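Protein chains in written order, with the working numbering: chain X, 55 to 171; chain W, 46 to 150.
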């Protein structure tokens, strides 16, 4: 069965770029869409954006200027970059299968990223 | 599109019928999903397209609604159901509701 695993640094300094990867096992990444979501400590879920299976990308308008989502089919990975981070970007970051008109049916376990000097 | 869930929290007993409401700021047809999240865990999909039960999810969970008004119903609350529930619209971009925490009474 398909499984997702997020990875990346647990600590990022303010103004730097946060980079995360989501490795997909048990299925080919280019046959589905992949969404990134984050959850600040003790708060709700925030949709970041998705990489549609066809190659199009859609971002949350409130984050569009600072985020980039990509796909590497050779590594079966989706990647997320968030530029110019502040403490407000401290959160658990999740990747999930789905996007567009598909609900998010498989989620990774999430990875905690703290922004601090 | 803004998603507003109510209530934000509720206390209920095992066996109770629980209803959670989600309202969209504009019509989203039936492009709505419901998720369950337990502390320290990733959300789990329960319902998609407003009323379709995800495979493996107990039949005590059901969803209904269209347009701007949606409900998640748990027909008989079980000990494993104490968690936070989120709605998500995926009609235009995507937005989550603020969550409803279901606690033990």
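Beta carbons are placed, not taken as given, at the ideal position from N, Cα and C, and that holds for glycine. These figures come from a predicted structure and were not determined experimentally.
Do you know offhand how far residue i's Cα is from residue j's?
i             : j             : result
residue 101/W : residue 171/X : 44 Å
residue 144/W : residue 100/X : 11 Å
residue 99/W  : residue 159/X : 8 Å
residue 127/X : residue 153/X : 18 Å
residue 110/W : residue 96/W  : 8 Å
residue 91/X  : residue 164/X : 9 Å
Within its chain, find whatever has a CB closer than 8 Å to the CB of residue i; leave out the 5 residues flanking it on each side and keep chain order.
i             : result
residue 140/W : 46, 47, 48, 133, 134
residue 68/X  : 139, 140, 141, 169, 170, 171
Closer than 9 Å, CB to CB, is residue i near chain W or not?
i             : result
residue 91/X  : yes
residue 94/X  : no
residue 157/X : yes
residue 163/X : yes
For chain X, check one thing: does any of its Cβ atoms lie closer than 9 Å to the Cβ of residue i?
i             : result
residue 127/W : no
residue 88/W  : yes
residue 130/W : no
residue 143/W : yes
Which residues mark the beginning and the end of the beta strand (DSSP E) in which residue i is found?
i             : result
residue 59/W  : Taken as a continuous stretch (DSSP letters only), residue 59/W belongs to no beta strand (DSSP E), as it is neither H nor E.
residue 115/W : 114-119
residue 135/X : 131-136
residue 89/W  : 89-93
residue 158/X : 156-161
residue 57/X  : 57-61
residue 143/W : Looking at the DSSP string, residue 143/W is not in any beta strand (DSSP E), and its letter there is neither H nor E.
What is the DSSP secondary structure of residue i, reduced to helix, strand or coil?
i             : result
residue 122/X : strand
residue 168/X : strand
residue 150/X : strand
Could you pull out every residue in the same chain whose Cβ sits closer than 7 Å to the Cβ of residue i, ignoring the five residues on either side in sequence?
i            : result
residue 92/W : 78, 79, 98, 99, 106, 108, 117
Who are the near neighbours of residue i in its chain, counting only those whose CB is closer than 6 Å to its CB and skipping five residues on each side?
i            : result
residue 81/W : 89, 91, 128, 130
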